[in-house]
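A.B. asks: Numbering (this note's numbering), first residue to last: 18 to 243.
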Amino acid sequence: MRAVVKLGGALFRRDPDVTALKEMGKVLEGFVAEGNQLVLVAGGGENARTYISAARKLGAEESTCDLLGIQITRANAELLRLALGSIASSKIPTALSDLPHCVGSGKAVVMGGLQPGQSTSAVAALAAEITRAEILVNGTDVEGVYTEDPKKNPKAKLIRSVHVDKLLNWAMSGEVFAGRYELLDPLAIKIMQRARIATRFVSLRDSGNILDALQGKDIGTRVLYS
């Protein structure tokens with residue numbers, strides 16, 4: 018199987034949780050050992066938002082804030098690479114064109130952000146497209162896609178499956194700034210839509226959720242294309 022997993026900021030706290038990173042590495046080790054191709058994309062997390070906020074207060078424009086956030090995602094990718102140990106490739110791609118040359122080595126490829134204006138969710142969608150991934154799993158700090166923001170409304174309901182067109186409509190109604198890419202990132206969803214990438218949104222609260230999604234279990238929110 019060819020798979021891409023986006024690991025959101027919930028895994029990368031202000032004080033890195035070494036135990037959580039090791040647990041994620043252990044969960045994914047077996048998947049790679051079975052001969053599956055895996056690309057992991059690390060999000061920026063709280064540290065990225067903290068640095069971006071400071072830069073913005075110092076007068077930085079959004080593209081500079083994006084570049085700063087990208088540096089943090091690459092630092093997170095390095096932590097994740099270390100947590101994966103021998104199953105991870107030693108090279109962290111910094112350009113999409115590098116990725117096809119890195120996969121196929123029998124090792125997991127870990128990467129962060131690529132360029133300003135792209136969230137790591139968009140990077141994950143691009144990675145899935147260029148590697149012809151059979152599944153994209155987007156790990157977040159919530160269970161999946163909800164009728165409303167569950168952090169603001171505890172009565173919001175989890176949506177078990179949703180058409181990509183509806184996702185895009187919801188995404189296009191919001192604003193996107195550096196460090197504030199929400200679950201529904203318009204660019205990421207447009208890439209998913211054009212490539213028809215089988216996608217699930219799942220929670221990172223349990224590292225086993227990622228493996229469950231990779232194994233095709235009905236967890237989180239599934240994106241539909243027809």
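Glycine residues also receive a C-beta, built at the ideal position from the N, C-alpha and C atoms.
For G196, does the count of other Cβ atoms within 10 angstroms reach 16, so buried, or fall short, so exposed?
C.D. replies: Bear in mind that a pLDDT of 39 at G196, under 50, signals an unreliable position, so the number given afterwards is only what the model happens to contain. So G196 ends up on the buried side.
A.B. asks: Can you list, in chain order, the residues of its chain whose CB lies under 8 Å from that of G52, leaving out five sequence neighbours each side?
C.D. replies: The residues are G123.
A.B. asks: Over what stretch of residues does the beta strand (DSSP E) that includes T247 continue unbroken?
C.D. replies: As displayed, the chain neither begins before 18 nor continues past 243, which places residue 247 out of reach and without an answer.
A.B. asks: On the criterion of 16 or more Cβ atoms from any shown chain inside 10 Å, does T148 qualify as buried, or is it exposed?
C.D. replies: With 16 or more other Cβ atoms within 10 Å, it is buried.
A.B. asks: Under 7 Å Cβ to Cβ from A96, same chain only, skipping five residues before and after it: list those, please.
C.D. replies: For the sequence presented, residue 96 should be read as Leu rather than Ala. P33, L38, listed in sequence order.
A.B. asks: What are the uninterrupted segments assigned as alpha helix (DSSP H) that are 4 or more residues long and contained completely in the region 164-240, given in chain order?
C.D. replies: Segments of the alpha helix (DSSP H) lying fully in the region 164-240: 181-189, 203-212, 225-231.
A.B. asks: Rounded to whole angstroms, what is the Cα-Cα separation between D158 and D235?
C.D. replies: Cα-Cα distance, rounded: 18 Å.
A.B. asks: Let's test the definition: count the other Cβ atoms within 10 Å of the Cβ of N64 and tell me whether it reaches 16, buried, or not, exposed.
C.D. replies: Looking at its Cβ environment, which holds 16 or more other Cβ atoms inside 10 Å, N64 is buried.
A.B. asks: Measure the C-alpha to C-alpha separation of K23 and H118 and round it to an integer number of angstroms.
C.D. replies: Their Cα atoms are separated by approximately 20 Å.
A.B. asks: Using a Cβ-Cβ cut-off of 7 Å (strictly less than) and excluding sequence neighbours within five positions of S138, which residues of its own chain qualify?
C.D. replies: Hits under 7 Å: K23, N155, Y198, D202, A205.
A.B. asks: Mark L75 as exposed unless 16 or more other C-beta atoms lie within 10 angstroms of its C-beta, in which case mark it buried.
C.D. replies: Flag for L75 reads exposed.
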